[in-house]
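Colleague: After the structure tokens below, expect a handful of questions from me.
Residue numbers (the numbering used here): 83 to 1033.
This is the structure in structure tokens:
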């Protein structure tokens, strides 16, 4: 190489050699600077600045207008990997096109989210694809392939999977720990990530904020033990925002921040997203860690190498060869059409029955009948936290008027229309604002949370007449108030209340309020600040103290159900559109408290149905609802996630029958809150969660979705061929219209030795069939897909015996079943004498949680509460010819009791060991032989890591 073209500039060399050459040319300070999210340019080498992280979950986000596709959970509901791959491709093309005009747009995209939708109350459920690891992996793999591009060397964008690992709660998300037993870890949480990583289109992962088994995810030993063992590719690990600081702050896991960043770096975190665009704090901590010997140059180089690898793959150092350098496709007709197609594919028809003695209510006849669109989301096109700004907008009302004609479609929103009267008799008034610019525009903001509220508009005042406000109760008493011109009441930094927001939004939503009963009226609490609304000389404002709060009387001008009933009675058919605002009651930082539809919206569908039995309910939401009464009473019920820019057009086409619905539920819809475990119960096996283990009757099962056609399933076969199960099934459209069908293949162990799923998804395919047409589908499934994690031997195993292979239209609509017999040797009993018993490898437990044995690795088990006993059961323990002594490795203080099935038991008292990480091994006589069950009882604050046997 000539001095003018060093080896790292030579595209003929392997990427690894080019990375090594560039790394050698960087000074120690330059290398260290690459560990922060915002890395500076190295001008002497001609290296540009770089930042990790570009949100792109369902379109390029936070950088202004872009094509907005359906929410991720809606893409999951499509069960259509090829469609999702095309969406990923479009998103990555727009990222490239936007970057050509604005270098702040990043190509290291933080998407997709592959956390499983274990609990439907999780606030971020909209970001995931499904409750099932196989479906999640299939959809995520498709999306990442679209993001990555098809070139064998260069990547269009570099996807980062979120959020490693077992992350399904927002409450106390940075301090709570998920107790994840080995079977759940290997059979559930890791599987969702593993398939995507092994497919080869992933640049890396982002650890989650929470802890798993007592250890922060940013120190997860599974980053090295599991993640990086699945591929030979360099994987780049980016921290979540602020998470490195949490290690020493909210989590208190380390005494100093230097120890924290050192531990994260050594655990496998390569890039620190902390303190925004200011790298000085993190770099100072890293330098301190170097000076203290907590990390060394090799640790830094390892992380830098991984980042540089991503940048080489993105073509940064080969602009003349980068096949995506001239990408300009943005908001193209093809992308608009794809947004509509994706929104159509996501619509799930839950119920479609006759109404008033006719045939099924849907599809709506195009015969001149009048349609009433009613409901709070009837004329809404909602965005979520990870959306881009809309270029195009289509609400259900827009779509139905476009499809059926504006003269046939009426609308009643169903808001409560009120005035707020003060104690003095004056009423809140919204002043005229005159011409205004767009209200909330985070376009170009790397972090829309930093977009300030508007202060250029006049604040509310009070006078005798006041203004009529549109009130919506979104549930749990969380209210929004809207001015007559459609602007939401909001509070800016100066504390004044203005009608200034197009929609609720922001990291801290400033447009939500709550009434608090007080004397003969109500105080109005602003939820964003926690302050109380008062009326002052300068206008209506939020006061910090309750003592200066204004007492309001709510004067109802009209209840929402009154307007809805009028519109419904005057129409031939009614479409009620209900659901959620993605910024309120269930979002990042906030879990839901209930599955119930908010009471305000419950009243609306009941009023519509009472006025007109030909009523369909469309739920447009980020998550499932428990609506058993609506499901029983209404002839038609549909669900779709917030469908992006073409949501309304897509919904109208489905309702009209222009396209037959074929979305399928990606998660179980439970009938009531009583069906759910606690938010922190991550044990899907012991807690009997998701369709895999749920023993009750769901409102609608996983995989459910109806069609305007009907389908038959025939000729199901399953043949074992070495390490593969070859499955074939013929599907026929037996209906009168063309439609997609989602053929789903499940498996069930007939007589398992351990608890196994009722059935679990093996494969699926979405196919389009004309009336009378048939297709024979073929699936090749690895035999290992029938297996489970054998805790007794610490390995994946497929037990010999009978397995049912089932094909059908949902997890509860199985049409055909065949059996296969798997030969082999059954796993033997648990060998104890040689290696003893790892405490976390239990078969069953009650009242315990798994915790960190050390801050680096390993597990221990402790009672959930020091005031209650915890029990662990280990089945089929092989004591061979006999043992005479047991030794427990413990920390903390309390007692451990070992009990055999024969009734013999021994107790080990554990005096204080000096701390939760200070372990001692205590011995006790115990005679046991042959194969028997062992029960271990834990008392107090004891932590049990291991039990050994000898003698």
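For glycine and all other residues, C-beta sits at the position ideal for the given N, C-alpha and C.
On a predicted model such as this, the values are computed, not experimentally measured, just so you know.
Please go through the region 445-517 and give each complete beta strand (DSSP E) segment of 3 or more residues, from N-terminal end onward.
Modeller: Listed in chain order, the complete beta strand (DSSP E) runs (minimum 3 residues) inside the region 445-517 are 453-456, 491-494, 498-503, 509-511.
Colleague: Could you tell me the distance, in whole angstroms, from the CA atom of residue 597 to the CA atom of residue 742?
Modeller: When rounded, the distance between both Cα atoms is 44 angstroms.
Colleague: Which residues share a DSSP beta bridge with residue 572?
Modeller: The partner list for residue 572 (beta bridge, DSSP) reads 580.
Colleague: Going residue by residue through the region 149-231, where are the continuous alpha helix (DSSP H) segments of at least 4 residues, counting only ones entirely within it?
Modeller: Qualifying alpha helix (DSSP H) stretches, in chain order: 154-160, 163-183, 215-230.
Colleague: Only counting the same chain, and skipping five residues up and downstream in sequence, which positions put a Cβ closer than 6 angstroms to that of residue 822?
Modeller: Hits under 6 angstroms: 744, 848, 850.
Colleague: With 16 other CB atoms within 10 Å as the buried threshold, where does residue 163 fall?
Modeller: Under this definition residue 163 is a buried residue.
Colleague: Expressed to the nearest angstrom, what Euclidean distance is found between the alpha-carbon atoms of residue 521 and residue 407?
Modeller: The predicted position of residue 521 is uncertain, since its pLDDT is 46 and thus under 50; no value can be drawn from it.
Colleague: What distance in whole Å lies between the Cβ atoms of residue 898 and residue 798, which are believed to be in contact at a cut-off of 8 angstroms?
Modeller: That belief holds up - the Cβ atoms of residue 798 and residue 898 are roughly 4 angstroms apart, short of 8 angstroms.
Colleague: CA-CA distance, residue 561 and residue 642?
Modeller: Taking the straight line joining both Cα atoms gives about 14 angstroms.
Colleague: What residues are listed by DSSP as bridge partners for residue 140?
Modeller: According to DSSP, which records beta bridges pairwise, residue 140 is partnered with nothing at all.
Colleague: From which residue to which residue does the alpha helix (DSSP H) around residue 793 run?
Modeller: Looking at the DSSP string, residue 793 is not in any alpha helix (DSSP H); the run it does join, the beta strand (DSSP E), is 793-803.
Colleague: Identify which residue in 138, 385, 274 has its Cα closest to the Cα of residue 114.
Modeller: Closest option to residue 114, Cα to Cα, is 385.
Colleague: Under the DSSP definition of a beta bridge, which residues are partnered with residue 912?
Modeller: DSSP output for residue 912 lists 959 as bridge partner(s).
Colleague: Quick one: using the 10 Å Cβ neighbour count with 16 as the cut-off for buried, is residue 623 buried or exposed?
Modeller: Looking at its Cβ environment, which holds 16 or more other Cβ atoms inside 10 Å, residue 623 is buried.
Colleague: Near residue 613, which residues of its chain fall below 7 angstroms by C-beta distance, leaving aside the five closest residues on each side in sequence?
Modeller: Answer for residue 613: 624, 625, 626, listed in chain order.
Colleague: Cα-Cα, which of 140, 147, 581 is closest to residue 156?
Modeller: Taking only the C-alpha atoms, the option nearest residue 156 is 140.
Colleague: Thinking C-alpha only, which one of 417, 772, 988, 767 is nearest residue 752?
Modeller: The shortest C-alpha separation from residue 752 is found at 772.
Colleague: So residue 129 is in the alpha helix (DSSP H); what residue range does that whole segment cover?
Modeller: Element bounds for residue 129: n/a, residue is neither H nor E.
Colleague: Check this for me: beta carbons of residue 421 and residue 726, under 8 angstroms apart or not?
Modeller: The answer is yes: Cβ separation under 8 angstroms.
Colleague: So, are the CB atoms of residue 466 and residue 664 less than 8 angstroms apart?
Modeller: Their beta carbons are under 8 angstroms apart, which means residue 466 touches residue 664 by this criterion.
Colleague: Is residue 116 helix, strand or coil by DSSP?
Modeller: The answer is coil: DSSP assigns residue 116 none of H, G, I, E or B.
Colleague: Taking only three categories from DSSP, how would you classify residue 264?
Modeller: Reduced to three states, the DSSP call for residue 264 is helix.
Colleague: I think residue 780 touches residue 819, with their Cβ atoms under 8 angstroms apart; what is that distance to the nearest whole Å?
Modeller: That belief does not hold up - the Cβ atoms of residue 780 and residue 819 are roughly 28 angstroms apart, past 8 angstroms.
Colleague: Going by the CB atoms, is the gap between residue 511 and residue 544 shorter than 8 angstroms?
Modeller: Yes, Cβ-Cβ distance for residue 544 and residue 511 is below 8 angstroms.
Colleague: By Cβ distance below 7 angstroms, which residues in the same chain neighbour residue 348 in space, the five residues on each side in sequence not counted?
Modeller: Here the set comprises 377, 381.
Colleague: Quick one: grab the DSSP three-state call for residue 434.
Modeller: Strand.
Colleague: Between residue 542 and chain B, is any beta-carbon pair separated by less than 8 angstroms?
Modeller: Included in the structure is just one protein chain, with no chain B present.
Colleague: Taking the alpha-carbon positions, what's the residue 293 to residue 459 distance?
Modeller: Roughly 37 angstroms between the two C-alpha positions.
Colleague: Please name the residue, chosen from 696, 983, 905, that lies closest to residue 884 on a Cα-to-Cα basis.
Modeller: Per the Cα distances, 905.
Colleague: Looking only at DSSP bridge pairs, what is residue 676 linked to?
Modeller: Residue 676 pairs with nothing; no bridge assigned.
Colleague: What's the C-alpha gap between residue 694 and residue 800?
Modeller: Rounded to whole angstroms, residue 694 to residue 800 spans 50 angstroms at the Cα level.
Colleague: What residue range does the alpha helix (DSSP H) around residue 648 cover?
Modeller: It spans 642-651 - the alpha helix (DSSP H) in which residue 648 sits, taken as one unbroken run.
Colleague: Within 10 Å of its beta-carbon, does residue 878 have 16 or more other beta-carbons around it, so buried, or fewer, so exposed?
Modeller: Exposed, since its Cβ has fewer than 16 Cβ neighbours within 10 Å.
Colleague: Taking residue 1015 as the reference, which of 995, 503, 1032, 958 has the closest Cα?
Modeller: With distances taken between Cα atoms, residue 1015 lies closest to 958.
Colleague: Determine the direct distance from the alpha carbon of residue 220 to that of residue 271, and round the result to whole angstroms.
Modeller: If you take the alpha carbons of residue 271 and residue 220, they lie about 14 angstroms apart.
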